[in-house]
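Right, one structure below, let's go through it.
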Amino acid sequence: MCPIDRGYLITIDTVWNQHGDEPGRYDAAFCLFEINNGYPLRRHLSYEKPKGYYGGMLDSVLTLRSILTVGNYDYVIDFIFHQNGALETKFMSTGIAINVFSWLGITLFSTNVKMF
Numbered sequence: 001m002c003p004i005d006r007g008y009l010i011t012i013d014t015v016w017n018q019h020g021d022e023p024g025r026y027d028a029a030f031c032l033f034e035i036n037n038g039y040p041l042r043r044h045l046s047y048e049k050p051k052g053y054y055g056g057m058l059d060s061v062l063t064l065r066s067i068l069t070v071g072n073y074d075y076v077i078d079f080i081f082h083q084n085g086a087l088e089t090k091f092m093s094t095g096i097a098i099n100v101f102s103w104l105g106i107t108l109f110s111t112n113v114k115m116f
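Below, the structure is given as structure tokens:
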């Protein structure tokens, strides 16, 4: 999901061919937006006399985001371009972890949350 309160610079449509002979079109599969992440990109504090000064600049980043859906999970992929030239990638998973009931201690396909 792209942030609603951010002005989109651009949304990118994609074409996908997985379930048939004809390709399908996905609208706004990628979005490109700018966001201020609140980190200082640079700062300087001077105690010079007679007047000291402080100067700084927050890091606004350009983010290219896409979301993949596999089963009941959504995976958010961010490519984050910083002003100082650094490239950051984030891969986040969403959804609810599903646990199943374990019978007689068999845990081949499940995770025990609590023993009864």
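If you use UniProt numbering, the sequence shown corresponds to residues 1 to 116, in order.
Backbone N, C-alpha and C define an ideal beta-carbon position, used for all residues, glycine too.
> Got a sec? Which residues, its chain only, sit under 6 Å from Ile67 by beta carbon, not counting five neighbours each side?
Replying inline: Asp74 and Val76, listed in sequence order.
>> For Arg25 and Gly85, what's the separation of their Cα atoms in angstroms?
In response: 33 Å
>> Taking the alpha-carbon of Gly56 as reference, which of Tyr39, Ile35 and Leu64 has the nearest alpha-carbon?
In response: Tyr39
>> For Phe30 and Leu62, which I take to be in contact (beta-carbon distance under 8 Å), what is that distance rounded to the nearest angstrom?
In response: Not quite, the Cβ-Cβ distance comes to about 13 Å (not below 8 Å), so this is no contact.
> Name the DSSP beta bridge partners of Tyr47, please?
Replying inline: Beta-bridge pairing links Tyr47 to no other residue.
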